[in-house]
Structures are given as C-alpha cells and as structure tokens.
Amino acid sequence: MSRLRTLATATWPHPQGPRELPPLPGFSASTFNPLVAAVAELCLTRHRDTNPAGDHPSPPGTTDRTGLLLASAGGDRATALAIESAAAADRRMPPLLFFQSNPNAVLGHIAARWGLTGPVVAISPREAAAPGQIPADALELAALLLADGDADQVLVIAAEQAEQAEQAGDTDHATAVLVTSA
Amino acid sequence: MSTSAPPAVRPVFTGLGVLSAFGSGLAPLAAATVHGRSGVTEVTRFDVSRRGTRRAALLPDPPPLARAVLGVIADACRQAGLPAGPGDTPLLLALHSDLRTREVTEAVAKGVAALGLPGVTRVYTGACVAAATAVADAAALVASGRHPRVLVAAGHLVEPGVFAAFDAGRALARDGELRPFSAGRTGTVLGDAAAAVVIEADTAAGQRGARSLARLAGWGRSGDAHHVCRPRPDGEGVARAARSALARAGVAPAEVGYVNANGTGSPTSDLAETRALREVFGDALDELPVSSSKSVHGHALEASALLELIVTIAALGSERLPVNAGWLGPDPEIGLNLVLEGPHEGRPRYALSLNSAFGGANTALLVAAA
Numbered sequence: 006m007s008r009l010r011t012l013a014t015a016t017w018p019h020p021q022g023p024r025e026l027p028p029l030p031g032f033s034a035s036t037f038n039p040l041v042a043a044v045a046e047l048c049l050t051r052h053r054d055t056n057p058a059g060d061h062p063s064p065p066g067t068t069d070r071t072g073l074l075l076a077s078a079g080g081d082r083a084t085a086l087a088i089e090s091a092a093a094a095d096r097r098m099p100p101l102l103f104f105q106s107n108p109n110a111v112l113g114h115i116a117a118r119w120g121l122t123g124p125v126v127a128i129s130p131r132e133a134a135a136p137g138q139i140p141a142d143a144l145e146l147a148a149l150l151l152a153d154g155d156a157d158q159v160l161v162i163a164a165e166q167a168e169q170a171e172q173a174g175d176t177d178h179a180t181a182v183l184v185t186s187a
Numbered sequence: 002m003s004t005s006a007p008p009a010v011r012p013v014f015t016g017l018g019v020l021s022a023f024g025s026g027l028a029p030l031a032a033a034t035v036h037g038r039s040g041v042t043e044v045t046r047f048d049v050s051r052r053g054t055r056r057a058a059l060l061p062d063p064p065p066l067a068r069a070v071l072g073v074i075a076d077a078c079r080q081a082g083l084p085a086g087p088g089d090t091p092l093l094l095a096l097h098s099d100l101r102t103r104e105v106t107e108a109v110a111k112g113v114a115a116l117g118l119p120g121v122t123r124v125y126t127g128a129c130v131a132a133a134t135a136v137a138d139a140a141a142l143v144a145s146g147r148h149p150r151v152l153v154a155a156g157h158l159v160e161p162g163v164f165a166a167f168d169a170g171r172a173l174a175r176d177g178e179l180r181p182f183s184a185g186r187t188g189t190v191l192g193d194a195a196a197a198v199v200i201e202a203d204t205a206a207g208q209r210g211a212r213s214l215a216r217l218a219g220w221g222r223s224g225d226a227h228h229v230c231r232p233r234p235d236g237e238g239v240a241r242a243a244r245s246a247l248a249r250a251g252v253a254p255a256e257v258g259y260v261n262a263n264g265t266g267s268p269t270s271d272l273a274e275t276r277a278l279r280e281v282f283g284d285a286l287d288e289l290p291v292s293s294s295k296s297v298h299g300h301a302l303e304a305s306a307l308l309e310l311i312v313t314i315a316a317l318g319s320e321r322l323p324v325n326a327g328w329l330g331p332d333p334e335i336g337l338n339l340v341l342e343g344p345h346e347g348r349p350r351y352a353l354s355l356n357s358a359f360g361g362a363n364t365a366l367l368v369a370a371a
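First to last, the protein sequences are chains A and B.
Mind the numbering: the first sequence is residues 6 to 187 in the numbering used here, read in order.
Mind the numbering: the second sequence is residues 2 to 371 in the numbering used here, read in order.
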C-alpha cells in the first residue's frame, strides 16, 4: 500500500478552542453531523491558512478532486434513535431526519462548501478510534482511493458520538486528517 | 477524469448470490426484470396506515438481515467454486448505518467463519452508493495485485424507521409505483435485497478453472460538491464517474450498449442523470438502450448498487435487457431510448451501471460481457 503524506490535522474538541459545537443549519436531533462538519472545517481551514499557495482544497465556489471518507464505529446514534423512536411510537417523523438518516448527508454539506469533487465514502470500523486517532483501516482505504486515481487528496474523518445523548457535550470526539500520496 | 490506465490484472466475476422481492436466486429476478414485472406490493410487514405511501417491493417472509446476507455469500462462493477455507479473502459488506449495524456485522462475521473466511474486512455505510463503492474498492484491490479475489456483499430489508423517514422526506412515490424517467414520476419505492459477488483476478480464476461470468472493465467514483441530498442539476458529477470508468477500461462511449441507470423515479434526480448521460454519450445516447431496473425490484438503498450490478451481469449473459417498468409516457426533458417492453434482445459488449446517493456521491461500474 502506498504511503500517505499528511497535509493537515484537526481534532474536536480542540485543546484551545470552544467545546460547544457550532450549529449546523438543516440538521437536527443529533450532535453527530455538527461534530463531523466542525472537525472538517477546522482541518480544511488550517490547511488553507498554512498553505496559501499549496495543494489545498479550494475555497467555496471552486472545485478540486478531494475525496471525503467518514469512519464511525457508532455512527449517528442520536438520529438513528430518533427515527426508530418516532416510527415505533407512530409519531410524526420530522422530515429533516430523512436526509440525515445516512452519513453521506453531512459529507455533502462539506463537499459543497469546499468544492470537493472526489469520492464520498462512509465506513463503520469495528472499533471506535480513540480521541485524536484515525482507524488504521480508514487510512488504508484513503491510500487505496488515492492509488486508484479518483482522488488527489482525501479528507479522512473519524467521529464518534457519546453512547448517552445527554452526555454528548462531554464525550463526542472527532479527528480529521487531510492526506495525499507520499 | 481518472488518469488511470486499464489494469494489467483484470477483475472478473466468478460467483453471484442474490435475494430479492422475487425470492432467492438470479432466475426469478432476471425473469421479472426482463419482462418488466414489478415486485411492488402493499406493505403488511409493519403498520403504514399513517404513511403517504404504503407500497414497497418486499419478500413475503424475509429471514433476518444477517442470515439473508450469509445466504447470498454462500451462493456466490458456491457458484465461484471456491474451495472450503479460501484463505484471507477480504469481505467488503454494505449495510445501512443504524443501531443494529454492529450486531448484523458481528453475525455475518461469525457466519462466514463456517465458509472459511476470516470475517468482515470493512463495512460500507455510504447510502445508495455503499455497495458500488465496495465493488470499486474490491476491483482496485484485485487489479493492483493485492488480493487474488475479494467478496462483496450487501443487504437491506425494508423496515419501519427508514420507510417512515423516506415517507416524511417525500422521497417515496405518492402513487406507490417507481416510474424512472417517465412523465408523472413522483418518487422512489423501497425494496428488499441481499446480494453478493466474488470478484477475482482473471489470472487466478483461470488457474483454478473458474468460469468468468463477466468482467469488471472499469469503475469510477465522484462527488457532486453541490448539496446534502439534492443532485447537481447538470449531472456533471455522475458524468465524471462514468468517464472515469470508461477511461480506466480504455473503452469509448460508443462501445457501451446498455446503461442500467440509477433512475430512482425522483423528478430531479432522473433529470440530472439524463443530462449526465447526454454529456457522456452525446448523440449516441439516442440509440443507447437505457433502463432502471429499480422500477421492478425497488430501491434497496445500501444494497441497490450490487443488486443492479447483478441484474446488469445477467443481462449481458442472457442478451436480454431489463425493462424500465412503470412508464406512463415521455417526459419532454428526458428523451432517453428506454427499454419499455420485454423481452428486449440485445448483445452489448459493455454495460454501464450507475448509482448516486445523498451527499452527491456517484459511482459507475462498467461491465464487459464474458
């Protein structure tokens, strides 16, 4: 497998920053999507700001072949629970839950905002990554996507939501790494 | 467009397994798609009395999801003639991401041990391109020489939560019929499916005397960079995935003789896909047979791309093209050469299977006849 070169990294919550996730318009009922969006934004902004003339994803309005790969062992538990609860109780299903019923939706938000036209991929590793870590299989897959030619860079995001929704602010964590072929 | 050259090692399909609304195996599914007989029926599996749409393409008495997936994996391995204990063959699995994903994965991992497989290598949860992405990645693993063969499997059984969410999002056809590219189309219809394929290096298959059912000539993946769930209206992302698959195969658009379209029945998505096809195939699109077999077997979400790939392989093998069912009449903005009646004889050398998903994800799989 080809080696990877890291262009930027970010974690959420990050040590010097706020712990509260910025709201993500259009998404509801779960911290998962704001978490993924926040760490992606941090990583891509960091790379843009530190490499003004370098090989970085383009600002909004332009495009490049950066792929998005989201790895989450637990997935969006809060959305899944909200969907199952509404269906089981025969309550009205909030329409917003339709598109956030799969992990691609928030990737679409990131891709549209940053003009990223590479592959959009979501996987569920067997084990959740520890805070600050990316699952080894996600990096393996990023290397495969790069070697296979459909992407020039891949933004790999590992995101895990708290087991208990009421503790989400304390334990949600995500890590993003922008990689390219070494 | 991909800069990739055609791979030196050519991935071929040596085994298929499928479970659909028509039951177990390829024969009933292929018969239904070739004749355009829809498997859509009233939903009685769970209460849909408060839903706007009450129809789906369902198995009458489905097994639990893990058992359904294990069944098609066993069928695919059997057809491929894989020896008991086929070594370190990776298994790439596509499933919906929900509260049971891990439980289903563990059950599949435990079950495949009986086939001598090491377990589930990776689980893809990327909505309606999950299985096609897994196929593309499997092909990359085989073509690059990392593995002589890779198993890809997927499963989706219609259940109350996703059904209600799609209904609330107005994604389901109000009249309960999936009418791809047709005037009066109003949305999609969900369907049950489990599917599996064995993708193998042609050299490895040849060495053990396994028959190639078809060849995966090319594959492509792209993103729209447009919206969380709406497709890019001009279809540029879909076109890019298709061109990537063609370039990788070294195949000209004019050599493609059939397209199994994504064709969800969504007014906007079908139009965007049409524009993508026009962009890729130009004037040749007027003569190119196109259909969406979703109109027959429903939309199986994470399993849809693998189900449609198997339908496409069957079409190449039988030389009869799937029918685009549910047709009410032409949409003046579409203008495709749709396969509207069957059996429709056709001998394409190459067929293209397209899929798109939320997040603007697109995939294209180019299949060559054996």
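Beta carbons are placed, not taken as given, at the ideal position from N, Cα and C, and that holds for glycine.
Interface positions of the segment 111 to 138 of chain B facing chain A (Cβ-Cβ less than 7 Å), listed along the chain:
Arg123, Val124, Tyr125, Thr126, Gly127, Ala128, Thr134 and Asp138
Which first and last residues belong to the alpha helix (DSSP H) in which Leu100 (chain B) is found?
Leu100 (chain B) -> no alpha helix (DSSP H), and no H or E assigned at all.
So, under 8 Å CB-CB, Leu160 (chain A) and Leu40 (chain A) are touching, yes? Tell me the CB distance rounded to an integer number of Å.
So it is not a contact: roughly 15 Å between Cβ atoms.
Pull up the CB-CB distance for His52 (chain A) and Leu183 (chain A), whole angstroms please, since I reckon it's below 8 Å.
5 Å
Other residues of its chain near Gly258 (chain B): CB distance less than 8 Å, five sequence neighbours each side excluded:
Leu289, Pro290, Gly347, Arg348, Pro349, Arg350, Tyr351 and Ala352
Let me know the secondary structure DSSP gives Asp69 (chain A) once reduced to three states.
strand
I want to see whether chain B comes within less than 8 Å of Asp177 (chain A), judged by CB atoms only; does it?
no
Answer yes or no: does any C-beta atom of chain B fall closer than 8 Å to that of Asn56 (chain A)?
no
In the DSSP assignment, find the unbroken beta strand (DSSP E) run with Asn261 (chain B) in it and report its ends.
Val257 to Asn261
Residues near His345 (chain B) in its chain [Cβ-Cβ closer than 6 Å; skip 5 each side]
Leu322
Using a Cβ-Cβ distance under 8 Å, would Ile139 (chain A) count as near chain B?
no
Can you check DSSP and say which residues form a bridge with His157 (chain B)?
B:Ala194
Whose C-beta lies closer than 8 Å to the C-beta of Gly224 (chain B) among residues of the same chain, with five residues either side of it excluded?
Gly238, Gly360, Gly361, Ala362 and Asn363
Neighbour list for Leu100 (chain B) in chain A, Cβ cutoff strictly below 8 Å:
Arg82, Ala85, Leu86 and Glu89
Within the same chain, show all residues whose beta-carbon is closer than 7 Å to that of Ala358 (chain B), passing over the 5 residues directly before and after it, in chain order.
Gly127, Ala128, Cys129 and Val130
Taking just the CA atoms, how far does Arg51 (chain B) sit from Leu149 (chain A)?
45 Å
Among residues of its own chain, excluding the 5 on either side of Asn263 (chain B), which ones have a beta-carbon nearer than 6 Å to its beta-carbon?
Glu274, Leu355, Asn356 and Ser357
Could you tell me the distance, in whole angstroms, from the CA atom of Asn338 (chain B) to the CA atom of Ala87 (chain A)?
43 Å
Alpha carbon to alpha carbon, how far is Gly117 (chain B) from Pro149 (chain B)?
16 Å
Leu341 (chain B) to Asp271 (chain B), Cα distance in whole Å?
16 Å
Between Pro331 (chain B) and chain A, is the shortest Cβ-Cβ distance under 8 Å, so that the two count as touching?
no
DSSP on Val125 (chain A), reduced to helix/strand/coil?
strand
Quick one, which of B:Leu286, B:Arg276 and B:Arg231 has its alpha-carbon nearest Ala255 (chain B)'s?
B:Leu286
In whole angstroms, what separates the C-alpha of Gly162 (chain B) from that of Ala92 (chain A)?
5 Å
For Gln158 (chain A), three-class secondary structure by DSSP:
strand
Should Leu9 (chain A) be flagged as near chain B, meaning a C-beta pair shorter than 8 Å?
no
Span of the beta strand (DSSP E) holding Pro12 (chain B)?
Pro12 to Ser21
Rounded straight-line distance, which links the Cα of Leu191 (chain B) to that of Pro63 (chain B)
15 Å
Just list the residues that DSSP pairs Gly343 (chain B) with in beta bridges.
In the DSSP output, where bridge partners are listed per residue, Gly343 (chain B) has none listed.
Same chain only: Cβ atoms within 7 Å of Ala250 (chain B), ignoring 5 sequence neighbours per side:
Pro7, Ala218, Gly219 and Leu367
Given a threshold of 16 other Cβ atoms within 10 Å of its Cβ, counted over all protein chains shown, does Gly66 (chain A) qualify as buried or as exposed?
In this predicted model, Gly66 (chain A) has a pLDDT of only 44, less than 50, meaning its place in the structure is not dependable; the value taken from the coordinates is given anyway. Exposed.
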